[in-house]
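In what follows, a single structure is set out as structure tokens and then discussed.
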Amino acid sequence: MEIVHLLRAVAVELGLHSARFASRSRMHATDVRALIALMDARRAGEEMTAGRLGAALGLNSAGTTALLDRLEGAGHVRRRRGAADRRKVVVEVEEGAVELGRSFFGPLIERSVELLRGYDDHQLAAIRGFLGGVRQAAAAEQSPARSPSRSPGRSSAPPARRSPRDT
Numbered sequence: 445m446e447i448v449h450l451l452r453a454v455a456v457e458l459g460l461h462s463a464r465f466a467s468r469s470r471m472h473a474t475d476v477r478a479l480i481a482l483m484d485a486r487r488a489g490e491e492m493t494a495g496r497l498g499a500a501l502g503l504n505s506a507g508t509t510a511l512l513d514r515l516e517g518a519g520h521v522r523r524r525r526g527a528a529d530r531r532k533v534v535v536e537v538e539e540g541a542v543e544l545g546r547s548f549f550g551p552l553i554e555r556s557v558e559l560l561r562g563y564d565d566h567q568l569a570a571i572r573g574f575l576g577g578v579r580q581a582a583a584a585e586q587s588p589a590r591s592p593s594r595s596p597g598r599s600s601a602p603p604a605r606r607s608p609r610d611t
């Protein structure tokens, strides 16, 4: 449980760090998550449609439109036609938004990379496996298939009982 509690503490600290960035950049937390999703898609060489972005963030179409209008108005994203299917509207992150993020998150990323250099290939594989598994478990908890109402965060199962040690 010590590692699980440490992971939770890391998640809280990263959330606070992200909130500081959002506040300093005059953005909503959802705006930051959207920019991260867009940068991840760019890094993977994938096109991100508004619908796919909204689904990734748990937003309906009206919320996604408002988000994109806000980000586009701030100069953080642009909309363009898809390369393969011109009927699709693809959202791309602007280079200025990438630089803004890099200026704030860069030192944390560099420190994290520096820490990872201290691990061998087997240890890195274990870390990767653990984090990937936790991510999959968290994603499964948000899966619409788990909830008859199809709303994020709602489950048909009763809440699990927890001991004081589990929190």
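In my numbering, the protein residues as written are 445 to 611. The beta carbon of each residue, even a glycine, is placed where N, CA and C say it ideally should be.
Opening and closing residue of the alpha helix (DSSP H) in which Glu-585 lies: 565-586
Residue range of the alpha helix (DSSP H) that includes Arg-514: 505-517
Separation of Arg-530 from Phe-548, as counted between CA atoms: 35 Å
Delimiting residues of the beta strand (DSSP E) encompassing Ser-536: Correcting the residue type first, residue 536 is Glu in the shown sequence and not Ser. Counting along the chain, the beta strand (DSSP E) containing Glu-536 begins and ends at 533-537.
Where His-449 falls, given that 16 or more other Cβ within 10 Å makes a residue buried: exposed
Neighbourhood of Gly-540 by C-beta, 8 Å cutoff - its chain only, sequence neighbours within 5 removed: Sequence-distant partners of Gly-540 (beyond 5 residues in either direction) whose C-beta falls short of 8 Å from its own C-beta, in its chain, are Gly-519, His-520.
Buried versus exposed call for Val-535 [16 or more other C-beta atoms within 10 Å across all chains shown]: buried
For Val-533 and Ala-494, believed in contact at Cβ under 8 Å, the rounded distance: 6 Å
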